[in-house]
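Visitor: Line by line, the protein sequences are chains C and B.
Residue numbers 1 to 108, in my numbering, belong to the letters of the first sequence in order.
Residue numbers 1 to 113, in my numbering, belong to the letters of the second sequence in order.
All C-beta atoms, glycine included, are put in the ideal place defined by N, C-alpha and C.
From a predicted model like this one, the values you see are computed outputs, not experimental measurements.
To start, I am sharing the structure in question, which I have written as structure tokens.
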Amino acid sequence: GIQVEQSPPDLILQEGANSTLRCNFSDSVNNLQWFHQNPWGQLINLFYIPSGTKQNGRLSATTVATERYSLLYISSSQTTDSGVYFCAPETSGSRLTFGEGTQLTVNP
Amino acid sequence: DAGVIQSPRHEVTEMGQEVTLRCKPISGHNSLFWYRQTMMRGLELLIYFNNNVPIDDSGMPEDRFSAKMPNASFSTLKIQPSEPRDSAVYFCASSLAHGYGYTFGSGTRLTVV
């Protein structure tokens, strides 16, 4: 099956800093989603982004499907951004394969 | 909309007992997914339904696990008999159609002792 690699595995930031999270995947995909799992365990869909760039407030995502990677950019980070960020490419049907995630900690 | 609703939020049961997890997807969504999250294996797809029909159950660990979707507004995941290694957080998610993002429920934390 498809392999999904996220980097970095852990990231610690000071409030206000910017960061870029990367997701590499090994196969062609139909689309890709980014999720945030907050410290209470809730999984929140951030982006549905098969290709191109999307922005939502301080967050933006870019997927370059031909090169098999996606980036999640967080600007002016806040403590509420802490949690785990998952990349999940979609392959056959509607199957999502989740990466291991990037654990983000934003300190005040 | 109330989102995807899962129950119970927490379940503690003894090994060998039957466990039933429940999910109500968002109204109008026609795809429903069951995922399991553990420290060792991360998030893994167990089964998904499209228009109430099971499409892919290749992730169901073994015969002890079964899932049903009797109608568009309800699904169950049953484990019988349960074992300690089934301890995990079980998530249900739904989506409108192919081409739309998933919405996850809050999950059920299952502990089998």
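Would you verify that the beta carbon of C:G52 is, or is not, closer than 8 Å to some beta carbon of chain B?
Guide: no
Visitor: How about C:L96: is its C-beta nearer than 8 Å to some C-beta of chain B?
Guide: yes
Visitor: In the structure shown, what three-state DSSP assignment does B:D56 receive?
Guide: strand
Visitor: What does the Cβ neighbour count give for B:A97, buried or exposed, with the cut at 16 atoms within 10 Å?
Guide: exposed
Visitor: Within 8 Å, do at least three Cβ pairs link the stretch 35-52 of chain C to the stretch 62-80 of chain C?
Guide: Output reads yes: the stretch 35-52 of chain C touches the stretch 62-80 of chain C.
Visitor: Closest Cβ-Cβ distance between C:L43 and chain B: below 8 Å?
Guide: Interface annotation, C:L43: in contact with chain B, CB-CB separation under 8 Å.
Visitor: Contact between the stretch 85-94 of chain C and the stretch 42-57 of chain B is defined here as three or more beta-carbon pairs at a separation below 8 Å; is this criterion met?
Guide: yes
Visitor: Are three or more beta carbon pairs between the stretch 61-75 of chain B and the stretch 23-41 of chain B nearer than 8 Å?
Guide: yes
Visitor: Give me the residue from C:I74, C:F25, C:T80, C:F47 with the minimum Cα distance to B:Y102.
Guide: C:F47
Visitor: Taking 8 Å as the cut-off, decide whether the C-beta atoms of B:P108 and B:Q17 are in contact.
Guide: Here residue 108 of chain B is Thr; the residue named in the question, Pro, does not match the sequence. Their beta carbons are not under 8 Å apart, which means B:T108 does not touch B:Q17 by this criterion.
Visitor: Can you name the start and end residues of the beta strand (DSSP E) that C:F47 belongs to?
Guide: 43-48
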